Amino acid sequence: MKTTKERLAVAIQTPLKDSLAFYHTSLKGLDQEQVEENRDLYGENTITKGQEDSIFKKIYESIINPFTIILLVIAFISLVTNVWLAKPGQEDPTTSIIIVVLVLISGGIRFVQELRSDKATTNLSKMIVNTATVIRDGLEQELPIDELVVGDLVKLSAGDMIPADVILFESRDFFVQQSGLTGESDAVEKLALNKATGQNVDSLLEAESLAFMGTNVISGSATAMVLAVGDDTMMGAIEQTLNTYDEPTSFEREMNSISWLLIRLMLVMVPIVFFANGLTDGDWLEAGVFALSVGVGLTPEMLPMIITASLAKGSIIMAKEKVVIKKLNAIQDLGAIDILCTDKTGTLTQDEIVLEYPLDIHGDLDMAVLRRAYLNSHFQTGLKNLMDRAIISRTEKEAKEHAILQNLDTSFQKIDELPFDFERRRMSVIVKDDSNVVSMVTKGALEEMLTISTHVEYRGEIIPITEGIRQEVLAEVGQLNRQGLRVLGVGYKSGLREDYAYAVTDESDMILTGYLAFLDPPKPSAAPAIQALLEHGVKTKILTGDNEKVTQAICEKVGLDVEHMLLGADIDQMTDQELAEVVEKVTVFAKLSPDQKARIILQLKKNGHVVGYMGDGINDAPSMKVADVGISVDTAVDIAKETADVILLDKDLMVLETGIVEGRKVYANMTKYIKMTVSSNFGNIFSLLVASIFLPFLPMAPVHLIVLNLVYDLSCVALPFDNVDQDFLKQPHTWEAKSITRFMVWMGPISSVFDILTFIFLYFIIVPLVTGYHYVHGSESALQFIILFQTGWFIESMWSQTMVIHMLRTAKVPFVQSRPAWLVILTTLVAAFFVTSLPYGPLVNILRLAPLGLPYFLFLICIIFLYMFSVTVIKKFYIKKYKEWL
């Protein structure tokens, strides 16, 4: 079989009928039997995004990360020193076993969460299906693009994504954006095979009659035959040769920087602890084991799992709200936005446009205007928008009573068309009636229609447009706009030639015949949703291509500020510096081109805002691309759905508000773990340094440190499911490394103060009270003294670490003003109880622990109470100084 490139090269040099015969198809398309044969012969229309990871690779990636690599190295060193190099009978693999268990638990939880997340994402993605209009057995039908096969005939129009590599055999003003393949920023025109003159076999991407999978139709229409599908397409070939990993987002970069900050902290402090203990005690082997255990204690190995669990939980909750998260990290990005830019139609309005009035120039009902509008909407082959459908629906309804509207689809024949584009803001069809009279019928924005019209149907006569008539027209349209009606102009000219290739320049000398007044009423939920977003720190800005009067009427009804509305023409006159000031003050922007929308968003981002953009049309794709979060809906055109990060199955701002809140919950629960772990680790460093210098023995056995870390990390597993204070959800938050460092420096030393107090009480009061003697180095009783001391700090450390979770998880008074999730309460209590019970259980000898009496626990309650009280006081000072907590 020939290669794909060879088949494409042959196709552009072969007559259409021969290509149809070669692929066993015809102008009626494939039949079902031939579909199956071509699928077996040429493959399916799916691109392999690299082989799906095997279960073993997923397990490996869940377990192996910078933190677990360090832990496994420590486990190996411990195995060497405590087992292989140990004296006979003194082998102790406990440390290595606990470290491996710790790694496996962390990795196992992450693996399960990622499997659940992948399954949820896959199931949700199946709801978002890109389709193509395919001709099979002579009938047009909408099919998912992955069902296409070589030989299928497809119809393409503005807004479509090209579903495979195709050759065109009919085209009309067909422009394609293929920058993803060629790097060209401008759209290129593609021509039917029989009209193409610049075919280039050496560079198939430049071939005029070929269009390629993944490129987008900007304007025009075409009919084409599929030549290559799936991995055989140009896009498929690129996918197999390029690294397809996405660039890390700002969220991912911040997470990486935080991870390496903690690792660097550990790599610096572990040698310090090692030398401090070795120089103080003289036992370098024991000092080494202890320093490695400190490394374990300082390693936040649960961080990847907490991140994955938080994001996965968020995506599952959003799925219940009918929101598809295409990338997990988009949940956090959604929570961070402080400005939402959106189009007006379908977001503020009901997206069910109704043609209220077909009017003549004087504002009176006129079915002749509706008749011409129907011809324009019915015969165009481009993307039929809501207004086209409203025109057709109203005509079919009125045809029962008005003969002038009957049988229009059969009594007229289409000759040509000039498709809509966003610069002209109009479209035309050329039709011939039963009397062989050829006419051009044009509809579009009223201002644009006035620029191409020289005459008007005025009081039953066709007369030249005067300035007086122009003002009368604008006044009538202005009155309709103020009622919230959107107005299109309808014009025509007759007596044209049939055998002529019409171009945009022929849209001139038109006769303006009347208006079409459409109503798209505001959604009942729009005003409450905008207010809800504002209460959560998100300002809504309207970026629309619609005219200013309709936009003003709608925006006023939903409570938006329209006093300082800005138009696209004004923006073109502004420098970036001027625009930077204006975008902060203006809420509503009207009559914008796609480029102007993107420019506004870029300027908002430069001003330091995190911007989300919500849209569903071709003209919205550039804006979604440049926004921090692109949001679309499942009914959007293919380009918009492909560009979006988040897709709503229900186009409602209230649903979006729910997504923003969920994103902030994800941020809050992740930052809780990070800040708690960082401050706890930083405090432990100080405590261990002091103990290493002043105590004649290790304050805690290496195995104690590792067990402590294991139990603490397990108690943090519940954090992704914790409650978040409503006050915190009212404002957007972004990741800042300096905030985490600041938190670490303030809160870490507080735990060290109480650790040192614990050392003093244990060494001078509690342990002598239990044993009846003070520590004497080298004595027979010294070992029992050390075991009791280490047990005391072991239990105190667990209590302080788990109880302070409740103090640090909220800026408010815990339990009184802020209630943690029951799962967080359960895991912290279980962790504290479990560690407290170890000196009284079967592991007491293995872990070298000893029971402590009532005086110790009275002291423990006091020290924990003082610690939590101190944290509360420092927290108030911290919040007062920095105006934030988490």
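Each number in my numbering corresponds to the 1-based position in the sequence shown with 40 added. All residues carry an ideal CB built from backbone N, CA and C; glycine is no exception. Note that this is a predicted model, so its numbers are computed, not measured.
Pairwise C-alpha distance: Phe-804 and Leu-797
As a first step, residue 797 is located in the sequence shown; it is residue number 757 there, counting from the start. As a first step, residue 804 is located in the sequence shown; it is residue number 764 there, counting from the start. The alpha-carbon atoms of Leu-797 and Phe-804 are separated by roughly 11 Å.
I think Ala-638 touches Asp-656, with their Cβ atoms under 8 Å apart; what is that distance to the nearest whole Å?
One-based indexing of the sequence shown puts residue 638 at position 598. One-based indexing of the sequence shown puts residue 656 at position 616. 16 Å between Cβ atoms; not a contact.
For Arg-704, is the classification buried or exposed, using 16 other Cβ atoms within 10 angstroms of its Cβ as the cut-off for buried?
Working through the sequence shown from its first residue, we reach residue 704 at position 664. Per the 10 Å Cβ criterion, buried.
From Asp-205, Leu-188, Ile-175, Asp-186, pick the residue whose C-alpha is nearest to that of Lys-195; which is it?
Your numbering for residue 195 matches position 155 in the sequence shown. Here the closest residue by C-alpha is Ile-175.
Helix or strand or just coil, what does DSSP make of Thr-580?
Taking the sequence shown and counting its residues from 1, the one referred to as residue 580 is at position 540. Note: Thr-580 maps to strand in three-state DSSP.
Where the alpha helix (DSSP H) containing Lys-705 begins and where it ends:
Translated into positions along the sequence shown, residue 705 becomes position 665. Looking at the DSSP string, the run of the alpha helix (DSSP H) that includes Lys-705 is 693 to 734.
Residues in its own chain within less than 7 Å of Ala-51 by CB, not counting five upstream and five downstream?
Taking the first residue of the sequence shown as position 1, residue 51 is located at position 11. Same-chain partners within the cutoff: Ser-59, Ile-207, Leu-267.
In terms of residues, what are the limits of the beta strand (DSSP E) holding Gly-484?
For the purposes of this step, residue 484 is taken as residue 444 along the sequence shown, with counting starting at 1. It spans 478 to 485 - the beta strand (DSSP E) in which Gly-484 sits, taken as one unbroken run.
Tyr-555: which of Ile-117, Gln-217, Arg-412 sits nearest, CA to CA?
Counted from its first residue, the sequence shown places residue 555 at position 515. Taking only the C-alpha atoms, the option nearest Tyr-555 is Arg-412.
How many Å lie between Pro-895 and Phe-799 at the Cα?
Counting from one through the sequence shown, the residue named residue 895 turns up at place 855. Counting from one through the sequence shown, the residue named residue 799 turns up at place 759. Computed Cα separation, rounded: 15 Å.
From Phe-897 to Leu-802, what distance separates their C-alpha atoms?
Sequence index remark: in the sequence shown, residue 897 carries index 857 (1-based). Sequence index remark: in the sequence shown, residue 802 carries index 762 (1-based). Their Cα atoms are separated by approximately 12 Å.
What first and last residue would you give for the beta strand (DSSP E) that runs through His-495?
Sequence index remark: in the sequence shown, residue 495 carries index 455 (1-based). Here the beta strand (DSSP E) through His-495 covers 493 to 498.
Take the Cβ of Val-651 as the centre, count every other Cβ of all protein chains shown within 10 Å, and call the residue buried at 16 or more, exposed below.
Along the sequence shown, read from residue 1 onward, the residue named residue 651 stands at position 611. Buried is the call here.
Boundaries of the alpha helix (DSSP H) in which Thr-173 is found, first to last residue
Walking along the sequence shown from the start, residue 173 turns up at place 133. Here Thr-173 belongs to no alpha helix (DSSP H); instead the beta strand (DSSP E) covers 171 to 176.
Tell me, to the nearest whole angstrom, how far the beta carbon of Val-228 is from that of Val-257; I am working on the premise that it is less than 8 Å.
Mapped onto the sequence shown, residue 228 falls at position 188. Mapped onto the sequence shown, residue 257 falls at position 217. That pair is no contact at about 11 Å.
For Glu-396, does the three-state DSSP call read helix, strand or coil?
By one-based count along the sequence shown, residue 396 stands at place 356. Looking at Glu-396 - three-state DSSP - the assignment turns out to be strand.
Tyr-752 versus Met-843: straight-line alpha-carbon distance, rounded
By 1-based counting over the sequence shown, the position of residue 752 is 712. By 1-based counting over the sequence shown, the position of residue 843 is 803. Each residue's Cα considered, the two are about 11 Å apart.
Any contact between the region 707 to 726 and the region 744 to 763? By contact I mean 3 or more CB pairs, one from each, below 8 Å.
Because the criterion of three Cβ pairs below 8 Å is met, the region 707 to 726 and the region 744 to 763 touch.
Counted within 10 angstroms of its Cβ, other Cβ atoms place Ser-548 as buried (16 or more) or exposed:
Your numbering for residue 548 matches position 508 in the sequence shown. Classification for Ser-548: exposed.
Nearest-angstrom Cα distance between Ala-630 and Glu-621?
Residue numbering aside, residue 630 sits at position 590 when the sequence shown is read from its first letter. Residue numbering aside, residue 621 sits at position 581 when the sequence shown is read from its first letter. Ala-630 and Glu-621: Cα-Cα distance of roughly 18 Å.
Could you spell out where the alpha helix (DSSP H) holding Thr-842 opens and where it closes?
Position 802 of the sequence shown, counted from the start, is the residue given in the question as residue 842. Note, Thr-842: alpha helix (DSSP H), 822 to 848.
Starting from Met-550, follow its DSSP beta bridges and name the residues at the other end.
For this step, residue 550 is matched to residue 510 along the sequence shown. Its beta-bridge partners are Ser-493.
Taking the CB atoms as reference points, tell me whether Thr-320 and Ile-733 lie closer together than 8 Å.
Mapped onto the sequence shown, residue 320 falls at position 280. Mapped onto the sequence shown, residue 733 falls at position 693. Yes. Within cutoff.
Go through its chain and collect everything with a Cβ distance to Val-517's Cβ below 6 Å, but skip five positions before and after it.
Numbered from 1 along the sequence shown, position 477 holds the residue referred to as residue 517. Excluding positions up to five away in sequence, the list reads Leu-486, Val-527.
Pro-288 versus Asp-461 - alpha carbon distance:
Residue numbering aside, residue 288 sits at position 248 when the sequence shown is read from its first letter. Residue numbering aside, residue 461 sits at position 421 when the sequence shown is read from its first letter. Reliability of the predicted coordinates at Pro-288 is poor, the pLDDT of 49 falling under 50, and the value obtained from them is presented with this limitation in mind. Going by the C-alpha atoms only, they are around 35 Å apart.
So, are the CB atoms of Lys-814 and Pro-736 less than 8 Å apart?
Mapped onto the sequence shown, residue 814 falls at position 774. Mapped onto the sequence shown, residue 736 falls at position 696. Note on residue identity: the sequence assigns His, not Lys, to residue 814. No, the pair does not count as a contact, with Cβ atoms beyond the cut-off.
Under 8 Å between C-beta atoms of Val-807 and Phe-825:
The residue given as residue 807 occupies position 767 in the sequence shown. The residue given as residue 825 occupies position 785 in the sequence shown. In this structure, Phe-825 lies closer than 8 Å to Val-807 by Cβ.
Which of helix, strand or coil DSSP assigns to Arg-888
Within the sequence shown, numbered from 1, the residue matching residue 888 stands at position 848. Here Arg-888 sits in coil by DSSP.
Looking at Met-847: is its Cβ nearer than 8 Å to the Cβ of Met-784?
Indexing the sequence shown from 1 puts residue 847 at position 807. Indexing the sequence shown from 1 puts residue 784 at position 744. No.
Alpha carbon to alpha carbon, how far is Val-875 from Ser-355?
Locating residue 875 in the sequence shown gives position 835, where the first residue counts as 1. Locating residue 355 in the sequence shown gives position 315, where the first residue counts as 1. So the two alpha carbons sit approximately 35 Å from each other.
Measuring CB atoms only, is the region 461 to 473 touching the region 539 to 553, in the sense that at least three cross pairs come out at less than 8 Å?
yes
Please state if the CB of Ile-138 and the CB of Ile-570 are separated by a distance shorter than 8 Å.
As a position in the sequence shown, residue 570 is number 530, starting the count at 1. As a position in the sequence shown, residue 138 is number 98, starting the count at 1. No. Outside cutoff.
For a test of the three-state rule: what should DSSP assign to Lys-195, helix, strand or coil?
For the purposes of this step, residue 195 is identified with residue 155 of the sequence shown, where counting begins at 1. In the structure shown, Lys-195 sits in a strand (DSSP, three-state: E or B).
Which two residues bound the contiguous alpha helix (DSSP H) that contains Leu-644?
Numbered from its first residue, the sequence shown carries residue 644 at position 604. First-last of the alpha helix (DSSP H) with Leu-644: 634 to 646.
Counterpart residues of Arg-212 in DSSP-defined beta bridges:
Along the sequence shown, read from residue 1 onward, the residue named residue 212 stands at position 172. In DSSP, Arg-212 forms a bridge with Ser-261.
Specify the secondary structure class of Gly-818 as computed by DSSP and reduced to three states.
Mapped onto the sequence shown, residue 818 falls at position 778. Here Gly-818 sits in coil by DSSP.
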